[in-house]
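Peer 1: Sending over a structure as structure tokens; questions will come in a sec.
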């Protein structure tokens with residue numbers, strides 16, 4: 114039996130998820146609130162096959178897409194002008210000859226475990242440095258598994274822009290994990 | 016022969032769409048010779064696996 118307390122207990126987790134994607138406390142609050150209400154109303158349809166968190170997350174994902182669609186106009190205003198050029202971005206990671214500036218390490222089992230454990234912390238910190246739409250594209254693609262055509266539509270960008278944003282988000286996030294670990298554990 | 020810069024772009028693209036035959040050839044030739052990009056490619060797969068797991072609420 115699903116109780117309101119069980120649903121409420123997942124609020125912090127859902128808030129984190131929503132905030133990572135929307136980066137707007139008010140909008141995240143609203144999406145989570147709507148999710149919890151919808152969950153309470155349909156608690157009877159919770160089958161118990163998945164965890165409460167998984168079930169709530171799936172409701173939240175739809176709310177987040179709704180929010181992004183509603184916000185599309187505002188998001189659109191944010192232009193690409195204030196973003197760095199492709200060359201400037203590449204210079205952060207690659208030398209003039211096109212090779213990596215820093216060697217790329219192999220991540221083994223310990224790193225894989227760390228990524229899983231630290232994902233939200235690292236993503237939250239790391240995505241602050243990304244343009245908002247770039248972080249959104251990453252969440253839609255990698256966390257929600259949407260395909261490129263859907264993402265282009267939701268964010269109102271071209272397929273090329275979408276690929277650029279995803280590339281930058283992946284490069285940045287990888288770097289954030291590396292820097293985090295090396296900072297703490299460099300031998 | 017493509018450089019790591021282009022290889023990293025193709026590796027990212029391959030996560031979102033099927034690469035063309037020409038792109039596949041260029042990328043696999045590069046990967047045969049480049050340990051850094053091989054590691055990068057594996058890291059991208061690891062990041063995706065975790066993100067999908069986290070994203071589904073597991």
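Protein chains in written order, with our numbering: chain A, 114 to 300; chain G, 16 to 73. We put the beta carbon where it would ideally sit given N, CA and C, even for glycine.
Considering only the alpha carbon of each residue, which of 134/A, 141/A, 132/A, 156/A lies closest to residue 115/A?
Peer 2: Locating residue 115/A in the first chain gives position 2, counting from the first residue. Nearest option by C-alpha distance: 156/A.
Peer 1: From what residue to what residue does the alpha helix (DSSP H) around residue 158/A run?
Peer 2: Here residue 158/A is taken as the residue at index 45 of the first chain, counted from 1. Note, residue 158/A: premise wrong, no alpha helix (DSSP H); not H, not E.
Peer 1: If you follow the alpha helix (DSSP H) that residue 234/A is in, where does it begin and where does it stop?
Peer 2: The residue labelled residue 234/A in the question sits at position 121 within the first chain. Here the alpha helix (DSSP H) through residue 234/A covers 222 to 240.
Peer 1: Excluding the five sequence neighbours on either side, which residues of its own chain have a C-beta within less than 7 Å of the C-beta of residue 267/A, listed in chain order?
Peer 2: Within the first chain, numbered from 1, the residue matching residue 267/A stands at position 154. Correct list, in chain order: 178, 181, 182, 253.
Peer 1: Of all the residues that make up the segment 206 to 218 of chain A, which are near chain G by a beta-carbon distance shorter than 8 Å?
Peer 2: For the segment 206 to 218 of chain A, which is checked against every Cβ of chain G, the residues closer than 8 Å are 206, 207, 210, 211, 212, 213, 216, 217, 218.
Peer 1: Taking 8 Å as the cut-off, does the segment 30 to 45 of chain G touch the segment 208 to 223 of chain A (at least 3 CB pairs, one atom from each stretch)?
Peer 2: The segment 208 to 223 of chain A, when compared against the segment 30 to 45 of chain G, does not touch it at the 8 Å Cβ threshold.
Peer 1: What is the rounded straight-line gap between the Cα of residue 257/A and the Cα of residue 36/G?
Peer 2: One-based indexing of the first chain puts residue 257/A at position 144. One-based indexing of the second chain puts residue 36/G at position 21. Roughly 28 Å between the two C-alpha positions.
Peer 1: Among 71/G, 64/G, 70/G, which has the Cα closest to the Cα of residue 226/A?
Peer 2: Position 113 of the first chain, counted from the start, is the residue given in the question as residue 226/A. Taking only the C-alpha atoms, the option nearest residue 226/A is 64/G.
Peer 1: With distances taken Cα to Cα, identify the nearest neighbour of residue 221/A among 20/G, 72/G, 60/G, 46/G.
Peer 2: As a first step, residue 221/A must be located in the first chain, where it is residue number 108. Of 20/G, 72/G, 60/G, 46/G, the residue nearest in Cα terms is 60/G.
Peer 1: So, do the segment 52 to 59 of chain G and the segment 265 to 279 of chain A have three or more beta carbon pairs nearer to each other than 8 Å?
Peer 2: With the cut-off at 8 Å, the segment 52 to 59 of chain G and the segment 265 to 279 of chain A do not touch.
Peer 1: How would you label residue 242/A, buried or exposed, when you count the other beta carbons within 10 angstroms and need 16 or more for buried?
Peer 2: Reading the first chain from its first residue, position 129 is the one you call residue 242/A. The residue is exposed, with fewer than 16 neighbouring Cβ atoms inside 10 Å.
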